[in-house]
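For what it's worth, the numbering used here labels the leading residue of the sequence shown as 157, then goes sequentially.
Glycine included, every Cβ here is placed at the ideal spot set by N, Cα and C.
This structure is a prediction, so every number in the text was calculated from the model and none was measured.
Structure, as structure tokens:
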Amino acid sequence: MTPFTPQQLSSWGVADWGYTELLEPQSIDHLKTWVARGDAASISYMQDHRLELRTQIPDHLLAGGQSALVFLFPYYTKLWQTSHSKLNISAMAVGFGGEDYHFPIKQQLDQIALQIKNTHPTINYRACVDTAPLMERDLAFRAGLGFFGKNSMLISRRAGSFTIIGSLLLDQKLDLRIRTSDRDHCGHCRRCVDACPTNAINSDRTINSNRCISYYTTHLFSEADPPDGLVKGEFLYGCDLCQLACPWNRTETTDPKDKLPGPENQTLHNFFFQRPVSEVVAELQTMSNRRFRRIFAQTSLERVGRLGVLKNLIQVDE
Ligand code: B12
Numbered sequence: 157m158t159p160f161t162p163q164q165l166s167s168w169g170v171a172d173w174g175y176t177e178l179l180e181p182q183s184i185d186h187l188k189t190w191v192a193r194g195d196a197a198s199i200s201y202m203q204d205h206r207l208e209l210r211t212q213i214p215d216h217l218l219a220g221g222q223s224a225l226v227f228l229f230p231y232y233t234k235l236w237q238t239s240h241s242k243l244n245i246s247a248m249a250v251g252f253g254g255e256d257y258h259f260p261i262k263q264q265l266d267q268i269a270l271q272i273k274n275t276h277p278t279i280n281y282r283a284c285v286d287t288a289p290l291m292e293r294d295l296a297f298r299a300g301l302g303f304f305g306k307n308s309m310l311i312s313r314r315a316g317s318f319t320i321i322g323s324l325l326l327d328q329k330l331d332l333r334i335r336t337s338d339r340d341h342c343g344h345c346r347r348c349v350d351a352c353p354t355n356a357i358n359s360d361r362t363i364n365s366n367r368c369i370s371y372y373t374t375h376l377f378s379e380a381d382p383p384d385g386l387v388k389g390e391f392l393y394g395c396d397l398c399q400l401a402c403p404w405n406r407t408e409t410t411d412p413k414d415k416l417p418g419p420e421n422q423t424l425h426n427f428f429f430q431r432p433v434s435e436v437v438a439e440l441q442t443m444s445n446r447r448f449r450r451i452f453a454q455t456s457l458e459r460v461g462r463l464g465v466l467k468n469l470i471q472v473d474e
């Protein structure tokens, strides 16, 4: 059975997909060692009761869960350059037209689920992207979609690593082939490790969040000491340095005209990238939190908030 046509996959923005049964994750030891070492920093959802949930067969997320369809959603990766400053923003924040990727991907997953229901009317599903206590890279690995890079990214030989993983957990098994898991294709390459200015990449293919620019810029909502090597005012939100260095990301897999500009991207571009950072900072300092949330609603910046963004740009005196 092949449930999707190439046309459908392309209209949903899917670069690759795979199928797997719901089994215990293979990377539990990696996860537990990582948390025990303190590498989750202050990310509570990785350490509280949800840690145990992540290590279980993910049928707690869907009653009677048996299998999963896992999808790779690629995004546009050309980072915005500015003539005014060195400011940049991660590709995931602008690669979906500027919209926070959780919204469009959840929508696409629901579309795909409708298609499955045509042939399996009694099937129940749960769409997961990022936020559920689910080891998504582990699931994608099991579904044969790629391998774990030294930078811990799930790297697809077809689509690279600039992808978001979206899954449909299903309460039935489908008559689909399960691909064999991919083997390591990093070899002796260490470009991602060498490209990280804050030395955040551990030797066991995990990330020390305390040192990671992505963590600092996306998960801390008020002033905090930056990791050594991070220059404030250069990373507005997220970081892609370890991915940009990766040879598996040499080819752009998405068509730029499909992804840009988008109304949210226009807002981000006009506010942050059309003038010197000092002017941006001055406006943010006098703006209310409420107004910030209104302007940046539906973008990735909404969650990190005004103070969180300000601390990425300058030292904030509280
Ligand atoms: C917490 C988190 C973060 C943290 C910690 C990152 C980390 N690497 O752990 C921070 C805030 C730093 C972060 C940053 C980013 N994140 Co993040 N993040 C997550 C989250 C919620 C959990 C990840 C996790 O479990 N970490 C714990 C470590 C131990 O597990 P892991 O990352 O899966 O790593 C696996 C490998 O190390 C593997 N492994 C390595 N070697 C071997 C060998 C064997 C034999 C086996 C079996 C396993 C194995 O074991 C681990 C467990 O599977 C997931 C969503 C989810 N629900 O899973 C998104 C997720 C990993 N993030 C994602 C993205 C896009 C990013 C950023 C690129 C965003 C950005 N541009 O700034 C960066 C990339 C940084 C990086 N190099 O990882 C995507 C990654 C997609 C992909 N293709 O891999 C995910 C999957 C979200 C999604 N739905 O797409 N993230």
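Taking the C-beta atoms as reference points, Gly174 is found no nearer than 8 Å to Thr423. Judged by their CB atoms, Asn426 and Ile357 are not nearer to each other than the 8 Å cut-off. Remark: the shortest separation between the CB of Cys368 and any heavy atom of ligand 1 falls under 7 Å.
Counted as a single uninterrupted DSSP element, the beta strand (DSSP E) harbouring Cys284 occupies residues 281-284. Beta-bridge analysis with DSSP links Gly322 to Phe227.
Counted as a single uninterrupted DSSP element, the beta strand (DSSP E) harbouring Tyr175 occupies residues 172-177. Around the beta carbon of Gln264, 16 or more other beta carbons sit within 10 angstroms, so the residue counts as buried. In this structure, the alpha-carbon of Tyr201 lies about 21 Å from that of Glu379. Arg347 and Cys402 do touch by the CB rule: their CB atoms are close to 7 Å apart, below 8 Å. Taken in chain order, the complete alpha helix (DSSP H) segments of 4 or more residues contained in the segment 245-304 are 247-250, 258-275, 292-298.
Scanning Gln182, Thr455, Asn468, Ala224 for the CA closest to the CA of Pro260 turns up Thr455.
Annotation note: the segment 305-372 contains the following uninterrupted beta strand (DSSP E) runs of length 3 or greater, listed N- to C-terminal: 319-326. For Leu218, there is no enclosing alpha helix (DSSP H), since its DSSP letter is neither H nor E. Taking Asp360 as reference, the option from Gln212, Leu178, Gln164, Gly305 with the minimal CA-CA separation is Gly305. Shown here for His216: same chain residues with a beta carbon closer than 7 Å to its own, the five before and five after excluded, namely Leu209 in chain order.
Cβ neighbours of Ala171 within its own chain (closer than 6 Å, five residues either side excluded): Leu228, Pro230, Ala315, Thr409.
Nearest C-alpha to Met309 among Pro162, Glu292, Asp204: Glu292. The three-state secondary structure of Tyr232, taken from DSSP, is coil.
A distance below 8 Å between beta-carbons, with the five flanking residues on each side excluded, links Gln182 to the following residues of its chain, in chain order: Asp294, Phe297, Arg298.
Within the same chain, and ignoring the five residues on either side of Ile199 in sequence, the residues whose Cβ sits closer than 7 Å to its Cβ are Ser365, His375. Relative to Thr211, the option among Val387, Asp185, Tyr232 whose CA is nearest is Asp185. When C-alpha distances from Ser337 are compared across Gly300, Ile363, Arg406, the shortest belongs to Gly300.
By alpha-carbon distance to Lys467, the top candidate from Val226, Leu179, Tyr372 is Tyr372. Residue pairing by DSSP places Phe391 opposite Asn244 in a beta bridge.
At least one heavy atom of ligand 1 sits closer than 7 Å to the Cβ of Gln182.
Note on geometry: alpha-carbon atoms of Ala197 and Phe391 lie some 19 Å from one another. Pro383 and Pro353 have their C-alpha atoms roughly 9 Å apart. Thr423 sits in a helix when the DSSP states are folded into three classes. In terms of CA proximity to Ile470, Pro432 leads the group Pro432, Arg446, Glu458.
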